[in-house]
Amino acid sequence: MLGNIHCSLAAQDGAQQIVFNQNAFASDTSGNLPGSVSFVQNSVMPSKYGVSGDVQPHMTALRKTMVLFKPQNNIEPGSIVTITAKNNDNQVVYQGTMLPPNELTKLMGQRDSSINITPPSSYDRTISDNSTLGNFASDPSGRYFAELFATNNTLHIMTSDGNWTPEFHLPQGSEYTNKIVTFTSNAGYSSTISSSDTLWALSYGNKITLKNIDGVWYSDLDDEFSRITYNDKTYSAIIPAEIVQPGLKFIFNNNDKQGSLTNFEIGAPNELILHTIDIGMLPPPRDGFSFQKYPYLHREYFQHLPIRRLTVSEYEPLHLREVMLPDGRLLTDFDPSEGGVYTGDMRGQIAKLLISHGINNANYGLNSSGSTSESWHPFSSAQITAHNAIGKYSNGIQVHGLSGGAGMVTLLRSIGNEFSHELGHNFGLGHYPGGFDGAINRPANEVNSTWGWDVHQNKFIPNFEKSITNEDMCYQDQCTSSFYGHRFSAGAMSGGWALYNRYTLHTPYELNKIQNFFESKTIFSPESSTGFSLWDDRTQSMQPWHNLIIDDLAEVSYNEVERKPYKQGVAVATLVGYYDPNKRLNSYIYPALHGSFGAVYEDNFTVSSCQMNVFTRNGGKRTFNLHSRRLESGYMNRFHINIEEALEPYSAEIVCDDERLTSVELKGPAHELHTSVITSEGGDVEVDTNANAGVDITAPFVAGRFYHLDGSSSTGEGISYKWVIKKNNVQGVDAAAIVLRQARTATPKIKIPVGTEVSDIVSIPVKLVVTDANGEKDNDTVVLTLNTNGVANQAPVADARVNNSNIQHGDQFTLNGNNSHDADGDSLSYLWEQTSGELVTLGDATRSRININTDSLSNTEQTLGFRLTVSDDEASDSDTVSVHMSPTESGGGNPGGDYEYEYPTGLGSYTDGTVVKILGQGVYQCFGEWAANCNNPAFLPGNALDPNWITQQWRFMHD
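Take the position in the sequence shown, starting the count at 1, then add 273; the result is the number in my numbering.
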């Protein structure tokens, strides 16, 4: 029976608690100890009985699990409840005492203190413009906040549409005691605010005030939030991953009473492989792929999926200075197509099909395929390539993103809902799956309700915001009320946002569909006789799966052949490119893609018309068959082959009918690449706290160049980082001149400024101190040795200028980098990028001087920001410049008389038929059954993450 109360206040340990789940269902256990049992992995799941009509996932095998047991009858105070687990053979595999209700796992971001924080009546400084907000981006150490707090005690940070940044990182240290910062959001995009131990989500309508007390940042939300608990009168135990397998059963005991739980579902031990690569097509890569750089993001994303293992591979950044397309066009300056977030020939043909699908196909042992269709990608396993991509087009340099599916994701940002959403498309999810009952998180007594669990920190992840706004959460004409003022969130596929870590909590409906996806996919398995395994629902076990791919020797029909990798999980050089069996178009081999984790196959060469020969230092010549006929009319074929890096490949060639079509010299990887493997850690074994500052580095000295250190291999629960130069041991340079940046991150950088006097050999020891959540510390030291060889290349100096920094709408201005210089007299390359404001047309962004027109921009006051990067091929430098644009007088009002409101005027009252002018986008009419979404900035033209979110309720009328 479903209880009619879904939340309540309960007295426990003298404090008034707010209880989320007060459901009262029929007993899940049999025997004289009746009670409800829930399982907690990436989400809280009922074991048997739950809300009628609810769609939930089931348990994932071989993943650490928290078991929640709520007896239906009162337990005698002071008595204990024990749990015994037996496997399918009725053998005892685990026994333990369950934690009492007052020791139930706490929530992410929950603090025990009750500090009262009141927002100031006024602030020393308010920041609300996009240009200044941009200073908080890519600043994990909180450097910019530290600069602000040096002269201000109180700050007010305000985001809005067009004035926004995705992340704020607060600085650490007791020197910030009594500093206060308030965050207010009127932006459709959400942001995250993070300190060393807590993360706050800042979404539309939220206001959060934080105060530093003795080095710890507290919020005005902490007092009320600290009283929330998932359940009351509930006993808990965490059981090791290795015993979570089909056939498991539990026995609960209290004194002479016993309850048994059997016949619950445990599914496949799912796995996900994510390959990551940063691609620059003509311009350099963006160097902004956070998910690739920071392993802590892998851990955070793992918490949201029903999998036992997440493997993240690293590919070296790829700068393509020329681009061959499958139709034989070689691009050296720009792609003549028009590029955009979703458009551009290079975006589709190179970043997606050639490189992302090429990486995947090489791991299946598929040597060659057609070049212009996604259908050549098998998608047999949960193997997905995620990429950042930037390219130069007829309309200038364009960044791609906001796209996912078919085994790949193209990302603007890899932190936040975009990442969760686009991977969700790969998992088979569309937009708003299941409608209101699948898209919106709900209270405990309704369908589609769950909390998440961070298994590594042992913290619950609620399905509502930490802030109190008293707002309903709605979809179309259905709404769910807030939980004690906390607005419920939406799922990742339905306009959701990150709550308590940097990725979005999936709804139970989404998780059910995601789990179905994973259980339908094979996993790479070195233990399998075929190299692959697939879940067999009939036997409830993983069984060998045969990797059948199209035979490269097939002349006409598509015969299949089985391929088994001879090694898995090794560093690989992935070779991709195009070849023309008809010998009419110029074949092309791209520079090798170097990855940390892949599968490699024996060449098993059989005489064929077309082949790739790879020459290695440690394995001789390797020959791979390729299709000997064009697979798509008018286009070259595509090839994608993995070579083990340990073989040291040094050249490759394509040969058809004994004629060499093309060849290339292969370079090795520039640095060591890392693979991140995240599991639930296989049981209750504590993770040792160990500092690992990385291997000692020896490199040529370049004045002004940043050298990167890497402590990401350090281990520990919730560790923080602190890097310190051991100044007394520095040799060859004045220690005071050395610049160390991002010293409280896993990956800091260090440089010696231009003009600093140095000896022939410079030695800089840097100590890393890591501290875990319990205060345990460990340290390690890495030594950076720089060899000047008597001649040190000096970094260039960028000098960005503008002929007029205050203009009116319609004026032209000129960006000028001609005053940039290099002390060595080296020739310089230039790259202009826009950093803030409405996008202008840069044209050729690699020129030193660019003329900009503002006719196409909105006639509004705004600041346009630009960054110039100059390089001498060994070192680079950047400088920024901004232009303030004022609107031209237009008489005000609504001169055309064809719209009712100018956004955001009237927001909240838009209905079917309302006509709104949206600056920078045009005039739109709100329409249809989803017209209520017009009042949500997340669906606003120019703001929505996905264009489909716009057209379902906004109809474009004119500019």
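Cβ atoms here follow ideal geometry from the backbone N, Cα and C, with glycine treated the same way. In this text the structure is predicted, and so the values were computed from the model without any measurement.
Among His1157, Ile1191, Ser1159, which one has its Cα closest to the Cα of glutamate 1173?
Ile1191
Taking just the CA atoms, how far does glycine 893 sit from serine 476? 58 Å
Alpha-carbon to alpha-carbon, glycine 669 and serine 1129: 15 Å
* Check whether the region 346-365 touches the region 541-548, counting contact only when three or more Cβ pairs, one atom from each stretch, lie closer than 8 Å. => no
Inset, instruction - Could you give the DSSP three-state label for asparagine 1060: helix, strand or coil? - result: strand
(Q) Suppose you measure from the CA of isoleucine 400 to the CA of glycine 351; what does that come to, to the nearest Å? (A) 54 Å
Q. What do you get for valine 1154, buried or exposed, if any count of 16 or more other CB atoms within 10 angstroms of its CB means buried?
A. buried
Self-check item: isoleucine 1025 vs asparagine 1060 beta-carbon contact at 8 Å
Solution: no
Checklist entry - By the 10 Å Cβ neighbour count, where 16 or more other Cβ atoms means buried, how is histidine 630 classified, buried or exposed? => result buried
Quiz prompt | Own chain, CB closer than 7 Å to phenylalanine 575, minus 5 neighbours either side, in chain order | solution = Leu583, Ile951
Q) Quick one, are the C-beta atoms of lysine 840 and valine 873 less than 8 Å apart? A) yes
Notebook entry, point to check: Taking contact to mean at least 3 C-beta pairs separated by less than 8 Å, is the region 685-694 in contact with the region 291-307?
Noted result: no
Between the region 310-319 and the region 562-580, can you find at least three pairs of beta-carbon atoms closer than 8 Å? yes
| query | Taking the Cβ atom as the reference point for each residue, do glycine 1116 and glycine 1138 lie within a distance shorter than 8 Å? | reply | no
| message | Count Cβ pairs between the region 403-416 and the region 430-443 that sit closer than 8 Å; are there 3 or more? | response | yes
Check: When the Cα of leucine 772 is compared with those of Trp473, Lys337, Gln1225, which residue comes out closest?
Finding: Trp473
Starting from asparagine 633, trace the alpha helix (DSSP H) both ways and give me its first and last residue. 630-636
Test item: CB-CB of threonine 1020 and aspartate 983 under 8 Å: yes
Task: Limits of the unbroken beta strand (DSSP E) element including glutamine 816 - done: 814-817
- Taking tyrosine 503 as part of the beta strand (DSSP E), name the residues at either end of that continuous run. 501-504
Notebook entry, point to check: Given 8 Å as the limit, is there contact between the region 986-996 and the region 1075-1089, that is, 3 or more CB pairs closer than that?
Noted result: no
- Query: Are the beta-carbon atoms belonging to threonine 457 and asparagine 485 less than 8 Å from one another?
  - Reply: no
- Hey, how far is the Cα of threonine 1044 from the Cα of isoleucine 1080? 51 Å
*Excluding sequence positions up to five away, which residues of its chain have a Cβ less than 6 Å from the Cβ of asparagine 526?*
Thr355
Can you tell me whether glutamine 1004 is buried or exposed, with buried defined as 16 or more other CB within 10 angstroms of its CB? exposed
task: Taking 8 Å as the cut-off, decide whether the C-beta atoms of tyrosine 508 and methionine 371 are in contact.
output: yes
So the candidates are Tyr851, Thr338, Ser468, Ser646; which of them puts its Cα closest to the Cα of alanine 514?
Thr338
My guess is that lysine 566 and proline 374 are in contact by the Cβ rule of under 8 Å, so how many angstroms apart are they, rounded?
Wrong, their Cβ atoms sit about 41 Å apart, outside the cutoff.
> Under a three-way DSSP split, which group does tryptophan 649 fall into?
Replying inline: helix
Take alanine 1096 and list the residues in its own chain whose beta-carbon comes closer than 6 Å to its own, dropping the five residues that flank it on each side.
Gln1067
If I follow the unbroken beta strand (DSSP E) through arginine 933, where does it start and stop? 932-938
inquiry  = Tell me the rounded alpha-carbon separation between serine 447 and valine 489.
reply    = 7 Å
Who are the near neighbours of histidine 429 in its chain, counting only those whose CB is closer than 6 Å to its CB and skipping five residues on each side?
Tyr396, Thr399, Thr455
My assumption, with CB atoms under 8 Å, is that alanine 966 sits in contact with valine 1039. Please give the rounded CB distance.
7 Å
Less than 8 Å between the C-beta atoms of glutamate 835 and isoleucine 823, yes or no? no
(request) Report buried or exposed for glycine 689, applying the criterion of at least 16 other Cβ atoms within 10 angstroms of its Cβ. (result) buried
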